[in-house]
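Visitor:
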Amino acid sequence: MKRGSQRPALTLGAWARAHWLPILTGILYLGALLYAPQRALRALTSGGTLLLSVALIIVAVIGLIGLLQVWISKDAVARLLGTDSGWMALLLSAFCGMILIGPPYLIFPLLQAIRKAGARWAVITTVLSTYAVKLQMIPLESSFLGWRFSLARSLLTVALAIPLGLLIEALMEKTPGTAGKSE
Amino acid sequence: MTKLGLIYLLLIGAIYLVCWRKSPDKTVSSLRTGATALVKLLPLLLAIFALVGLLQEFVPQTLIEEQLGATGGWHSVLIGGGLGAIAMGPPVAAFPLAGSLLNAGALPAAVAAFIVAWVSVGLISLPFEITIFGVRYALLRNGLTFLTALLIGWLIGMVI
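Protein sequences, first through last, are from chains A and B. Going by my numbering, the first sequence opens with residue 2, and the numbers climb by one from there. Going by my numbering, the second sequence opens with residue 227, and the numbers climb by one from there.
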C-alpha cells in the first residue's frame, strides 16, 4: 500500500494498483459483451459521445493545468505557508489548496515539507480541504452538474475549510503527549 | 457544450499568448506539462467515460433512485459520501460519474457529498497519509472531512 516507497521497477501488482480503474472497466465490458453484446456496444457509444461533447473543455482544462504548474512555484508556496502563522496564512492556504494540482501522493509529501517548515496543523488541513475545490476544473464540473451546483459546492467547501482546520488543530493539540510533528 | 468548450479554449489560448510575451520558455514548458498530464490521464478518462456509458445502460435507474434518490433523505447522502470515500481518483473522473448519477435521479445533496468525499477523503490513500502525518492526524482528518462532506451535501440540498 505504501506508494511512497515504490521503485521504478514495476511489479505486476503495482501496475494493477496504478491502473485499477481502466482494468476494472475492461473486465466489466468483457462481462457485458458476453452477457449482452448489443447493450455493451450501446454503453460504449453513449460513453464515447459524452466524452466527445466535453473534449474541448478537457483540452482547455489541461492547458490551464500546465500554466498553473509551471508558473506557480511550489517552493515559494511552501516558504510562505511555513513561516506565517496568523490569519493570513489560513486564508492563503485556502487559496493555495484551490489551485494546487497533483495526485495525493505528490500533495502529501509537499504538505509534509510545509509542516516541517513550521506550518500549523490548521494550515495543512485547510489546504487539504480546499484541495477539493479544483478551481481549474470548475468549467468541467459545471458542464456536468450545472453552474449553481458547482458554485455552491465550491463556496461551501471553502467556507468550511478554515473552521475544520482549526477544529482539527485543536484536537491534535489537546493531549500534548501524542500530538505534534510526526516524522 | 461545444460552444462553451470553444470559449474556454479561446480564453486559455489568450492567457498562453500573454504568457508567451513574458517568457516563451516557460510557456513551452507549460504546454509540455499539460501534454504530459493529458497522456497520463488519458487511460483513466477513457475508462471513466466508458464506465459512465456502462452505468447508464446497465444500472437500473430505479436502483439509483432508491439508494441515492430524494426518498432516501439522509440515507442517500450517507451512501453518496460513502461511495466517494471508497472510490478515489482525480476529480476529472468524479464529475462525469456524478453527472450521470444526477441525471438518473440521485439527490443533489448525495451527489455533492459524493464529489467532496471523492476528492478529499481517501480510504485507499489512508495508509500513505498515516505514514506521512501519523495515525492520529490521518484518522481525525479523514473522519471529520467525511462528516464535512455530508454537511456540504446537506447544505447544497437546501440551496439547490
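Note that the Cβ used here is the ideal one computed from N, Cα and C, for glycine as well. All values reported here derive from a predicted model rather than from experimental measurement.
Please list the partners that residue 374 of chain B has in chain A, where partner means a Cβ-to-Cβ separation under 7 Å.
Guide: Within 7 Å Cβ-Cβ: 161, 165.
Visitor: Where do the N-terminal and C-terminal ends of the alpha helix (DSSP H) with residue 99 of chain A fall, by residue?
Guide: Taken as a continuous stretch (DSSP letters only), the alpha helix (DSSP H) holding residue 99 of chain A covers 88-100.
Visitor: At what residues does the alpha helix (DSSP H) containing residue 316 of chain B begin and finish?
Guide: First-last for residue 316 of chain B: undefined, no H or E at that position.
Visitor: Could you check whether the segment 10-19 of chain A touches the segment 256-270 of chain B, counting it as contact only if at least three pairs of C-beta atoms, one from each stretch, sit closer than 8 Å?
Guide: Taking 8 Å as the limit for Cβ pairs, the verdict is that the segment 256-270 of chain B does not touch the segment 10-19 of chain A.
Visitor: Following the continuous alpha helix (DSSP H) through residue 54 of chain A, name the residue where it begins and the one where it ends.
Guide: Where residue 54 of chain A is concerned, the enclosing alpha helix (DSSP H) stretches over 38-72.
Visitor: Does any C-beta atom of chain B lie closer than 8 Å to the C-beta of residue 55 of chain A?
Guide: By this cut-off, residue 55 of chain A is an interface position.
Visitor: Quick check on residue 229 of chain B: buried or exposed, where buried means 16 or more other Cβ atoms within 10 Å of its Cβ?
Guide: Burial call: exposed.
Visitor: When you compare only the Cα positions, how much space is there between residue 158 of chain A and residue 334 of chain B?
Guide: Roughly 15 Å separates the two Cα atoms.
Visitor: Consult DSSP for residue 351 of chain B and reduce its assignment to one of helix, strand or coil.
Guide: Coil, per DSSP.
Visitor: For the alpha helix (DSSP H) holding residue 291 of chain B, just list the boundary residues, first then last.
Guide: Looking at the DSSP string, the run of the alpha helix (DSSP H) that includes residue 291 of chain B is 287-294.
Visitor: Between the C-alpha atoms of residue 372 of chain B and residue 232 of chain B, what's the straight-line distance to the nearest angstrom?
Guide: Using only the alpha carbons, I get a separation of about 36 Å.
Visitor: Determine the DSSP secondary structure at residue 20 of chain A, reduced to helix, strand or coil.
Guide: Correct three-state label for residue 20 of chain A: coil.
Visitor: Spatial neighbours of residue 151 of chain A within its chain, please: CB distance less than 8 Å, with the 5 preceding and 5 following residues excluded, ordered by chain position.
Guide: These residues qualify, in order along the chain: 139, 142, 143.
Visitor: At a Cβ threshold of 8 Å, is residue 311 of chain B touching chain A?
Guide: Residue 311 of chain B does not count as touching chain A.
Visitor: Decide yes or no for the touch test of the segment 38-55 of chain A against the segment 271-279 of chain B: beta carbon pairs closer than 8 Å, at least 3 of them.
Guide: The segment 38-55 of chain A, when compared against the segment 271-279 of chain B, does touch it at the 8 Å Cβ threshold.
Visitor: Could you check how far apart the C-beta atoms of residue 111 of chain A and residue 75 of chain A are, in whole angstroms? I think they sit under 8 Å.
Guide: About 6 Å; that satisfies the 8 Å criterion.
Visitor: Please report the residue range of the alpha helix (DSSP H) in which residue 268 of chain B lies.
Guide: Looking at the DSSP string, the run of the alpha helix (DSSP H) that includes residue 268 of chain B is 250-284.
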